[in-house]
Structure formats: structure tokens, C-alpha cells
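To start, the structure itself, in C-alpha cells.
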Amino acid sequence: MQGLNVFEKGIGYLEACLSYYTGSNAYAMLYVLALLYLLVFGNSREKQIFLPSGIFLILTVYNPIAPVVLDRFFDVNSEYYRFFWITPIVIILPYVAVKLLWQFEKRARWIAAMLLAAVFILSGSFLYKNGIRWADNIYKMPGDMLEVSRMIHEDSDSMYPKVFLEYEYNMQMRQYDPRMLLTVDREDYLYAVVNEFTQEQLEDETHPQYRIIAALVKYQDVSIEDFIDAMEETHTEYVVLDKASPMFAYLKEAGLKETGMTQTHRIMKYELREPWEFELVDYSVVY
4 MQGLNVFEKG IGYLEACLSY YTGSNAYAML YVLALLYLLV FGNSREKQIF LPSGIFLILT
64 VYNPIAPVVL DRFFDVNSEY YRFFWITPIV IILPYVAVKL LWQFEKRARW IAAMLLAAVF
124 ILSGSFLYKN GIRWADNIYK MPGDMLEVSR MIHEDSDSMY PKVFLEYEYN MQMRQYDPRM
184 LLTVDREDYL YAVVNEFTQE QLEDETHPQY RIIAALVKYQ DVSIEDFIDA MEETHTEYVV
244 LDKASPMFAY LKEAGLKETG MTQTHRIMKY ELREPWEFEL VDYSVVY
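Structure below.
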């Protein structure tokens with residue numbers, strides 16, 4: 004998960020990941036309590052439905068040792084939180100809550116319902132604790148990013164221009180503009196958020212995008228020649244950086260020229276030595 008690393012956190016990674024993902028570990032504890040309630044008071048049918056999966060998840064997904072073991076074979080730093088999606092918390096907790104309510108008589112049932120509602124509310128994070136942020140447009144994307152997209156398409160001769168963007172815009176552009184090819188994919192960026200690139204990675208000819216991220220995001224020492232080679236190998240024509248970035252002198256030295264500016268970002272263009280056009284796969288053709 005972004006900002007978290009199994010190697011650094013060890014068995015504390017699970018707790019940190021849960022807190023980052025849900026705001027607290029309360030719902031995980033409520034899930035365990037609900038399973039214990041069904042184990043003691045549930046009928047045979049309820050136990051058959053809920054307990055096997057619950058026990059399996061506690062021994063695997065919610066086992067602090069699990070991410071440490073898995074990380075020895077796979078890179079789970081940015082993916083482990085996806086396991087939380089399979090946890091049937093949203094099914095079991097309401098089910099057990101209703102089952103509990105029916106143990107009380109009318110007036111007591113209302114009081115119990117309010118208490119349970121309070122527990123659920125206080126166990127989570129208030130969605131609007133930082134205020135309500137109104138969307139800038141119907142796409143619910145930053146207006147400045149939409150302007151970047153428009154400017155690049157107007158300037159480019161290609162239907163599918165290839166662009167290097169900073170992290171936030173990179174993640175948003177992939178959802179907004181399918182005709183914008185991104186130099187860096189999601190996984191490479193997530194890796195770059197918490198790691199420095201080694202010299203071996205920077206010299207890796209199969210991943211030239213590492214050099215671009217290292218230079219423009221991590222501010223690592225990448226020669227102009229290596230940077231230009233990476234731009235050529237990835238067919239990157241545009242670089243979009245925040246106006247506050249210290250890398251514009253570096254980009255100009257590499258031969259890039261400013262082709263547009265928004266309120267917060269500058270768009271730099273690189274002229275490829277040989278024109279490159281992306282060929283869209285025609286999936287309508289059946290072989």
C-alpha cells in the first residue's frame with residue numbers, strides 16, 4: 004500500500020495497512036467478535052455459511068505473519084489491501100446486528116439499535132471530517148488536468164500522444180483520457196513512491212521509464228544522455244510537471260521546449276528523432 008513497506012514494518016504491516024485503509028482496526032475486531040458470537044450462539048446453518056470463510060481469513064488475510072511470508076515470494080506492498088475486499092464484513096456485521104436486536108423487546112430493541120448504530124459510526128472514519136470538496140466538473144477531475152489533456156491533444160499530430168505525468172495526474176489521467184498514453188504505469192509509480200532506484204535498475208534496458216521517474220520525480224542523478232535515450236525508447240513526447248518543480252532547466256538542457264501552461268503546470272515537448280504512431284489493436288478481428 005502506498006507509503007507502507009512490508010520489509011520495514013514486519014508483522015506490524017497488517018495493522019498499519021488496516022489503519023491506512025479503514026481509518027482504524029475497529030471493524031476488523033467487530034468482525035472477529037461477530038464470528039465468535041455465531042460460533043457460540045449461531046445455529047448449524049449459520050455456522051456452515053459464515054465460520055469456514057471467517058476462520059480461513061483470520062488464519063491468512065488477518066494473520067500478521069501472512070504479508071511477511073508472501074512478500075518473500077511476491078511484492079505485496081502495493082496490493083495486500085485488495086485482500087480486504089473479499090472479507091465479508093459488510094455481510095456478517097449487519098446480519099449479527101439484526102440477530103442481536105431480535106433478542107430484545109420493543110423499547111429495549113430501539114435502545115439497542117441506537118447503541119449498535121453508534122458503535123458502527125464511531126468505529127469508522129467520518130467521510131466529511133475534512134469538509135466537503137465540490138467537484139470542479141462532471142468528470143470529478145481537477146480542471147487543470149482536463150486543460151492539460153486538451154492542450155496536448157491540440158498540439159500533438161498523433162491521436163495517441165505519449166506523456167509523462169506526475170503521480171496524481173498520472174493516476175487521474177488513466178481514468179479520464181483513454182487516448183493519452185502514459186509513459187509510467189501504475190505499478191512503477193507505486194514502487195517509486197517508497198523506493199529509490201538502484202544503479203542496476205537505471206541501467207536496465209527493458210525498463211527505460213525508470214530513468215525518467217528517477218530524474219523527474221526522485222531527483223536522482225541521471226545524465227542528460229541517458230534521459231534522452233529513455234525518452235526515445237519510451238516514445239515519450241510530452242512531460243507535464245508542476246510549476247514548482249526544479250527540473251525545468253534540466254528538461255531544457257535535454258532539448259524539451261515549453262508548449263503550454265496551465266494555472267499550476269507547465270507542458271514540455273520533446274521532438275522524437277523518428278515519428279512514432281501507436282497502433283490500436285482491433286479486437287473486432289477474430290482469428
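Using the numbering used here, the letters of the sequence shown map in sequence onto residues 4 to 290.
The beta-carbon is built from N, C-alpha and C at its ideal position, and this holds for glycine as well.
Note that the structure is a prediction, hence the values are computed from the model and not measured.
Three-state secondary structure assigned by DSSP to residue i
{"i": "T237", "result": "helix"}
{"i": "V220", "result": "coil"}
{"i": "G263", "result": "strand"}
{"i": "K102", "result": "helix"}
{"i": "V242", "result": "strand"}
{"i": "M144", "result": "coil"}
{"i": "H156", "result": "helix"}
{"i": "V284", "result": "coil"}
{"i": "V166", "result": "strand"}
{"i": "I135", "result": "coil"}
{"i": "M174", "result": "helix"}
{"i": "L36", "result": "helix"}
{"i": "L62", "result": "helix"}
{"i": "M271", "result": "strand"}
Sub-8 Å separation of residue i and residue j beta-carbons
{"i": "F251", "j": "R269", "result": "yes"}
{"i": "M148", "j": "M174", "result": "no"}
{"i": "K272", "j": "E236", "result": "no"}
{"i": "M144", "j": "Y192", "result": "no"}
{"i": "A233", "j": "Q212", "result": "yes"}
{"i": "L33", "j": "S126", "result": "yes"}
{"i": "I14", "j": "I68", "result": "yes"}
{"i": "E150", "j": "L244", "result": "no"}
{"i": "A111", "j": "L103", "result": "no"}
Within-8 Å CB hit, residue i to chain D
{"i": "H210", "result": "This model lacks chain D altogether; it includes just one protein chain."}
Cα-Cα separation between residue i and residue j, rounded to whole angstroms
{"i": "E199", "j": "R182", "result": "30 Å"}
{"i": "I155", "j": "A120", "result": "50 Å"}
{"i": "H238", "j": "S287", "result": "27 Å"}
{"i": "I135", "j": "F87", "result": "27 Å"}
{"i": "L73", "j": "N66", "result": "11 Å"}
{"i": "F230", "j": "L254", "result": "9 Å"}
{"i": "E206", "j": "R276", "result": "22 Å"}
{"i": "L96", "j": "N133", "result": "27 Å"}
{"i": "P249", "j": "P91", "result": "47 Å"}
{"i": "F76", "j": "Y142", "result": "39 Å"}
{"i": "E108", "j": "L118", "result": "15 Å"}
{"i": "F59", "j": "F44", "result": "20 Å"}
{"i": "M264", "j": "H210", "result": "29 Å"}
{"i": "R85", "j": "N46", "result": "31 Å"}
{"i": "S128", "j": "A19", "result": "15 Å"}
{"i": "I89", "j": "W137", "result": "31 Å"}
{"i": "Y194", "j": "K260", "result": "29 Å"}
{"i": "Q204", "j": "R214", "result": "8 Å"}
Among the options, nearest to residue i - alpha-carbon criterion
{"i": "D158", "options": "L118, Y65 and E274", "result": "E274"}
{"i": "V284", "options": "Y163, T201 and I52", "result": "Y163"}
{"i": "V166", "options": "T186, D160 and F53", "result": "T186"}
{"i": "Y83", "options": "P55, P97 and T63", "result": "T63"}
{"i": "V196", "options": "K109, E171 and Y142", "result": "E171"}
{"i": "L17", "options": "V43, R112, F76 and V71", "result": "V71"}
{"i": "T267", "options": "G146, V220, P55 and F53", "result": "G146"}
{"i": "D160", "options": "M264, A29, S56 and W279", "result": "W279"}
{"i": "R189", "options": "I216, N28 and Y98", "result": "I216"}
{"i": "I94", "options": "T262, S56, Q106 and A19", "result": "S56"}
{"i": "L54", "options": "F123, D224, V99 and L259", "result": "V99"}
Nearest-angstrom Cβ-Cβ length linking residue i and residue j, presumed shorter than 8 Å
{"i": "A31", "j": "L21", "result": "6 Å"}
{"i": "E49", "j": "L41", "result": "5 Å"}
{"i": "I227", "j": "A247", "result": "Contact flag wrong, Cβ pair sits at about 22 Å."}
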